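Notes for the one structure printed next.
In my numbering, the protein residues as written are 69 to 146.
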């Protein structure tokens, strides 16, 4: 966001944590750890016909400059 790129979480939380699945299958929440991990890491980048070539370059530059943090391997922008 600070770099002018609208990115958001994608499939977060996982469908198994949303209604009606959350209530109908409460034990499944604990049985899908890989889904939880992926859902917490995947983002949706800008797409569609409204995204211009300069927008694509800005998104690519932003990703290229993202650096992993020391212990968590999550990325942040400097």
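A virtual CB, placed ideally from N, CA and C, is assigned to each residue, including glycine.
These numbers were taken from a predicted model, which means no experiment stands behind them.
Counted within 10 angstroms of its Cβ, other Cβ atoms place residue 116 as buried (16 or more) or exposed: exposed
Is the separation between the beta-carbon of residue 80 and that of residue 120 shorter than 8 Å? no
Terminal residues of the alpha helix (DSSP H) in which residue 125 lies: 121-133
Should residue 110 be labelled buried (16 or more other beta-carbon atoms within 10 Å of its own) or exposed? exposed
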